[in-house]
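If you count the sequence shown from 1, position 33 lands on 33 in the UniProt record's numbering, and the numbers rise without skipping.
By construction, the Cβ of each residue, glycine as well, lies at the ideal position given by its N, Cα and C atoms.
In what follows, a single structure is set out as structure tokens and then discussed.
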Amino acid sequence: MQVDMKEQKLSTEAVKAQLMEVTLVQKHQNEIQTELIRKQEELERKMQEHHEESLRKQVQLAKEQVELEKKQHQTNDEIDVILEMMKKQQQP
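Written out as structure tokens, the structure is:
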């Protein structure tokens with residue numbers, strides 16, 4: 001009878017030790033999962049910032065292109081005026 005009690009006590013201690021180990025493993029897994037979530041959120045934030053910056057640059061480039069096209073049209077108009085004046089001067 002006393003042997004059974006010792007075995008049961010050892011068995012109980014073994015289960016407690018295993019539960020402690022499982023608890024520690026679960027805690028560690030939770031910490032890792034929390035860190036992964038934090039890193040995923042940081043990555044998503046950086047990707048969003050990069051996307052927004054890319055869009056800002058595209059808008060800026062489009063504005064610059066419109067300005068250059070306006071200048072090109074203005075230059076073409078000035079060239080047309082100069083050519084017209086040259087034609088008039090060459091006419092007798």
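Please state whether DSSP places residue i in a helix, a strand or coil.
| i | result |
| --- | --- |
| GLN33 | helix |
| GLN91 | coil |
Return the CA-CA distance between residue i and residue j, expressed in angstroms with no decimal places.
| i | j | result |
| --- | --- | --- |
| GLU64 | LYS57 | 10 Å |
| residue 93 | GLU13 | Since the first and last residues shown for the chain are 1 and 92, residue 93 lies out of range. |
| ASP77 | GLN60 | 26 Å |
| GLU49 | LYS39 | 15 Å |
| LYS27 | MET20 | 10 Å |
| GLU44 | ILE37 | 10 Å |
| HIS51 | GLN33 | 27 Å |
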